[in-house]
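Student: Sharing a structure, written as structure tokens. Questions coming.
If you want it as structure tokens, here you go:
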């Protein structure tokens, strides 16, 4: 890689996500980090470039979206409790139970529980500011390639720090 030549590394957000992801890192190149910023009230946005040379470290963390995880566990528990009660105590004659809806709710609960993993990147700058990016719920596998590219690049530059060591 030549000095001064800007080489694209990875895109963390698609152009369709810019309008909803204000303040998050959009993409990374060998010389700059671009952050989405809301430009007007109408929902337009602009990309603000930050020099990569001002970045002191990149912290990667794998985590869970706590609200979705807890919601999924509670929903699965509720549906299993309903099935348990129906199996042990039955229902009064003439009562209609929509088993398909219960199974659908069980499927949503399982999806929320297992789909709540997320990636998180934190770029610490020399001036003390922090640029953040978090993957959305259910995007863990889809964003893995982009995150791996950023981690490999940061590691090669000596910027990658282990989030478990920084408390």
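Residue numbers (my numbering): 3 to 169. Just so it is clear, CB atoms sit at the ideal spot from N, CA and C, and this is done for glycine as well.
If we ignore side chains and look at the alpha-carbon of each, how far apart do residue 38 and residue 124 end up?
Tutor: Looking at the two C-alpha atoms, the distance is approximately 15 Å.
Student: Leaving out five residues before and five after residue 51 in sequence, what residues of the same chain have Cβ atoms less than 7 Å from its Cβ?
Tutor: Counting only Cβ-Cβ distances below 7 Å, and skipping sequence neighbours, we find 34 and 36.
Student: At what residues does the alpha helix (DSSP H) containing residue 138 begin and finish?
Tutor: Careful: residue 138 lies outside any alpha helix (DSSP H) and carries neither H nor E.
Student: Counting only beta-carbon separations shorter than 7 Å, does residue 123 have a partner in chain B?
Tutor: Here there is only one protein chain, and chain B is not present.
Student: Measuring CA to CA, which of 112, 9, 146 and 134 is closest to residue 71?
Tutor: Measuring from the Cα of residue 71, the nearest candidate turns out to be 112.
Student: What are the start and end residues of the beta strand (DSSP E) that includes residue 38?
Tutor: Where residue 38 is concerned, the enclosing beta strand (DSSP E) stretches over 34-40.
Student: If contact is defined by three or more beta carbon pairs under 8 Å, each pair taking one atom from either stretch, is the segment 117-131 in contact with the segment 57-75?
Tutor: As far as the Cβ criterion goes, the segment 57-75 touches the segment 117-131, which means the pair count is three or higher.
Student: Would residue 116 be called buried (16 or more neighbouring beta carbons within 10 Å of its own) or exposed?
Tutor: With fewer than 16 other Cβ atoms within 10 Å, it is exposed.
Student: Tell me where the beta strand (DSSP E) around residue 120 begins and ends.
Tutor: Segment 119-127, the beta strand (DSSP E) holding residue 120.
Student: Roughly how many angstroms separate the alpha carbons of residue 26 and residue 152, rounded to a whole number?
Tutor: Cα to Cα, residue 26 sits roughly 15 Å from residue 152.
Student: With 16 as the cutoff for other CB atoms within 10 Å, does residue 18 come out buried or exposed?
Tutor: So residue 18 counts as exposed.
Student: Terminal residues of the continuous beta strand (DSSP E) containing residue 12?
Tutor: Taken as a continuous stretch (DSSP letters only), the beta strand (DSSP E) holding residue 12 covers 10-13.
Student: Whose C-beta lies closer than 7 Å to the C-beta of residue 58 among residues of the same chain, with five residues either side of it excluded?
Tutor: If we look at residue 58 and ignore the five residues flanking it on each side, its Cβ neighbours are 126, 127 and 128.
Student: Could you work out which residue in 75, 73, 102 and 135 is closest to residue 30 when comparing CA atoms only?
Tutor: Selected option, being the one with the closest Cα: 135.
Student: According to DSSP, simplified to helix, strand and coil, what is residue 65?
Tutor: Looking at residue 65 - three-state DSSP - the assignment turns out to be strand.
Student: Starting from residue 50 and walking both ways along the beta strand (DSSP E), at which residues does that stretch end?
Tutor: Residue 50 -> beta strand (DSSP E) spans 47-53.
Student: Secondary structure at residue 75, three-state DSSP: helix, strand or coil?
Tutor: Residue state, collapsed to three classes: helix.
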